[in-house]
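Here is the structure we will look at.
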């Protein structure tokens, strides 16, 4: 299932707060890859792309964008998509990913990951748009399941069924964010493992893990602002045991600690990951 | 048949409409109906209640409001509580269009400058100050810049190649003169027509501001438009009511030499 030239193991998201330490070599040999958001580096001059260029020579890069609005209403912005293709042609890997959401309607760009209706019509519409993006970028797409805080409109199916429906209709891969599954399970009161058993695991190409925070007494939010909970690590482990070696991103966007502290969490996560990979190998040997 | 996109537009309305925070609490059904939601979609959203729509609104508006404020801290301080009101109006009537979060503040300022110019109760220099505040980041991140030198000496009949990060900004106030003051003690900038050349150093990537004389500003504007040097010189002299005499030429040669040493002028176009 794994494709060539795809890094496996625990990686980190490239954040400006961590950049100097990574440039000094403090992450060398510690992380399997860097995940970057092209929007932070493309259509941009100055020091940021110059620094990124040097890191791209030292680490495997996985690209993950934030603003495509795969579930959006209007045509894709030709300028943005053109810049994206040029960037991915230079730095991209075996796939590119973005979120199963919309970021704004009718030309607005609200810079957040907003839910889309869990309906057959919506699944087909988004699948068509994913196929269009794959054609325009000339590479496979992964879609990431988001944290949603309210179902949008009338739902014809649950979230996991909707995700599976989109994956099948678009014939694309899944960037499985297990923290988002956990947050949604808590907020909407469902069993996260039932969710994982509903989706086609053979389409999972990458994982995200992160921490979250509490919004109020009734709701968790996916802030990427805390360490990964043991329950979320267990979900990662459950998936890896079933699909084998896969790139897993440790996300951190708020309360970012020094790199040394992040790397301690990477190592702890890697121990869980390696144990799951070993169980996967043992299972295969027995089969 | 129900519009499948209506739920998306209804959520966007809840995030952007100025009155949404109160309307969602007091008349959820009425608000969502006015956004075009109907049938089973409407009933589902009404049954869910307003709490999480309001949470989405807080998250989305909070992130954008903080981002813009980080780029225009002095103007936001001068506006005080009114900054939040201006932001709310912006979200309702315009909202961001760019895919790049770092470009949102410039979009806000472009929208606000026109609006603030018509508001006599705001300082007349506010729009200029906002434009000045975002310039440093705009030029620091400008896609252009770092183009190769041409290796060709200045020739009167040819345009000059100029570093792609460079831009001219004209202000009615000398807003750059208040840049070093504490944010909570910003003095009123002098009302003086000002032209700043802003560029990014090719090696250090630092952004520099050069306060230009009127004739240097006129010359630079023409050179940036791609005019050959001789045409630009004659035009600049005419623009500023001067003559194309030895003193003018000597001053402009000195100016262009300085820009060449700064790495802004990269030689004559071949």
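Chains as they are written, first to last, in our numbering: chain A, 1 to 287; chain B, 288 to 557. Just so you know, even glycine gets a beta-carbon here, dropped at the ideal spot from N, CA and C. In this text the structure is predicted, and so the values were computed from the model without any measurement.
(message) Assuming residue 72/A and residue 104/A are in contact, meaning their beta carbons sit under 8 Å apart, how far apart are those beta carbons, in whole angstroms?
(response) About 7 Å separates the two Cβ atoms, so the contact holds.
(request) Counting only runs of 4+ residues fully inside the stretch 459-513 of chain B, write out the alpha helix (DSSP H) ranges in chain order. (result) Runs of the alpha helix (DSSP H) inside the stretch 459-513 of chain B: 501-511.
(request) Identify each residue in the stretch 114-125 of chain A for which the Cβ-Cβ distance to at least one residue of chain B is less than 9 Å, and report them in chain order. (result) Hits within the stretch, in order: 114, 115, 116, 117, 119, 121, 122 and 125.
(message) Can you pull the chain A neighbours of residue 552/B, defined as C-beta to C-beta under 7 Å?
(response) Under the 7 Å cutoff, chain A gives no residues; its nearest Cβ is about 18 Å from residue 552/B.
(request) Verify the CB distance criterion: does residue 48/A have a CB-CB separation below 8 Å to chain B? (result) It does: the Cβ of residue 48/A has a partner Cβ on chain B nearer than 8 Å.
(request) Give me the Cα-Cα distance between residue 350/B and residue 283/A, rounded to the nearest whole angstrom. (result) Residue 350/B and residue 283/A: Cα-Cα distance of roughly 46 Å.
(message) Excluding the 5 residues flanking residue 315/B on each side, which residues of the same chain have their C-beta closer than 6 Å to its C-beta?
(response) Counting only Cβ-Cβ distances below 6 Å, and skipping sequence neighbours, we find 333 and 337.
(message) Please tell me whether residue 452/B has its Cβ less than 8 Å away from any Cβ of chain A.
(response) Yes, contact with chain A.
(request) Classify residue 16/A as buried or exposed, calling it buried when 16 or more other Cβ atoms lie within 10 Å of its own Cβ. (result) Residue 16/A should be labelled exposed.
(request) Would you tell me roughly how many angstroms separate the C-alpha atoms of residue 414/B and residue 346/B, rounded to the nearest one? (result) Between residue 414/B and residue 346/B, the alpha-carbon positions lie close to 27 Å from each other.
(message) What does the alpha-carbon distance come out to for the pair residue 18/A and residue 287/A?
(response) In a straight line, the C-alpha of residue 18/A is about 43 Å away from that of residue 287/A.
(message) Pull the bridge partners of residue 247/A from the DSSP assignment, please.
(response) Answer by DSSP bridge pairing, in chain order: 9/A.
(message) So with CB distances below 7 Å, who are the chain B contacts of residue 109/A?
(response) Near residue 109/A (Cβ distances below 7 Å), the residues of chain B are 383, 384, 385 and 386.
(request) Report the residues of the stretch 460-494 of chain B with a CB closer than 7 Å to any CB of chain A, ordered along the chain. (result) For the stretch 460-494 of chain B, the residues whose beta carbon sits under 7 Å from a beta carbon of chain A are, in order, 487 and 492.
(request) Just the chain B side, please: which residues come within less than 9 Å of residue 211/A by C-beta, in chain order? (result) At a beta-carbon threshold of 9 Å, none of the residues of chain B lie near residue 211/A; the nearest stands roughly 17 Å away.
(message) Looking at chain A, is there any beta carbon in it that lies within less than 8 Å of the beta carbon of residue 352/B?
(response) For residue 352/B, the nearest beta carbon of chain A is not closer than 8 Å to its own beta carbon.
(request) Output the distance between the C-alpha atoms of residue 86/A and residue 485/B, rounded to the nearest integer angstrom. (result) Taking C-alpha positions only, residue 86/A is separated from residue 485/B by approximately 28 Å.
(message) Please report the distance separating the alpha-carbon of residue 537/B from that of residue 515/B.
(response) Straight-line Cα distance between these residues: approximately 18 Å.
(request) Go through the stretch 114-142 of chain A residue by residue and report every complete run of the alpha helix (DSSP H) that reaches 4 residues or more, in order. (result) The stretch 114-142 of chain A contains these whole alpha helix (DSSP H) runs: 120-137.
(request) Use the C-beta contact count for residue 5/A: other C-beta atoms within 10 angstroms, 16 or more gives buried, fewer gives exposed. (result) So residue 5/A counts as exposed.
(message) So for residue 517/B, helix, strand or coil by DSSP?
(response) Reduced to three states, the DSSP call for residue 517/B is helix.
(message) Against chain B, which members of the stretch 133-166 of chain A pass a CB distance test of less than 8 Å?
(response) So the close ones are 149, 150, 151, 152, 153, 154 and 155.
(message) Would you say residue 102/A lies against chain B (beta-carbon separation less than 8 Å)?
(response) Residue 102/A counts as touching chain B.
(message) List, from N- to C-terminal side, the alpha helix (DSSP H) runs of 4 residues or more that fit wholly inside the stretch 342-379 of chain B.
(response) Whole alpha helix (DSSP H) segments, 4+ residues: 360-366.
(request) Return the residues of the stretch 217-228 of chain A that lie within a Cβ-Cβ distance of less than 9 Å from chain B, sorted by chain order. (result) Under the 9 Å Cβ criterion, the stretch 217-228 of chain A contributes 218, 219 and 221.
(request) Assign residue 381/B to one of three DSSP states: helix, strand, or coil. (result) The answer is coil: DSSP assigns residue 381/B none of H, G, I, E or B.
(message) Just to check my reading of the structure: residue 45/A and residue 432/B have Cβ atoms closer than 8 Å, yes? What is that Cβ distance to the nearest angstrom?
(response) By a beta-carbon distance limit of 8 Å, residue 45/A contacts residue 432/B. Their separation comes to about 5 Å.
(message) Taking the straight line between their C-alpha atoms, what separation do you get for residue 196/A and residue 65/A?
(response) Answer to the nearest angstrom: the Cα atoms are 24 Å apart.
(request) Would you mind reading off the limits of the beta strand (DSSP E) that contains residue 155/A? (result) Careful: residue 155/A lies outside any beta strand (DSSP E) and carries neither H nor E.
(request) Give the DSSP-derived three-state secondary structure of residue 2/A in the structure shown. (result) At residue 2/A, the pLDDT of 44 sits below 50, so the modelled position is not reliable and the matter cannot be decided from this model.
(request) Name, please, each residue of chain A whose Cβ falls closer than 8 Å to the Cβ of residue 346/B. (result) What residue 346/B touches in chain A, judged by beta-carbon distance under 8 Å, is 112 and 221, going in chain order.
(request) Report the neighbours of residue 392/B on chain A: residues whose CB is nearer than 8 Å to its CB, in chain order. (result) Going along chain A, no residue has its Cβ under 8 Å from residue 392/B, so there is no contact; the nearest lies around 12 Å.
(request) From the DSSP output, in three-state form, read off residue 286/A for me. (result) Here residue 286/A sits in helix by DSSP.
(request) Answer with yes or no whether the minimum CB distance from residue 82/A to chain B is below 8 Å. (result) With 8 Å as the cut-off, residue 82/A does not count as an interface residue toward chain B.
(request) Please state whether DSSP places residue 199/A in a helix, a strand or coil. (result) In the three-state scheme derived from DSSP, where H, G and I count as helix and E and B as strand, residue 199/A is classed as coil.
(request) Determine the burial state of residue 193/A: buried for a count of at least 16 other Cβ atoms within 10 Å of its Cβ, exposed for fewer. (result) By the Cβ-count criterion, residue 193/A is exposed, with fewer than 16 other Cβ atoms from all chains shown falling within 10 Å of its own Cβ.
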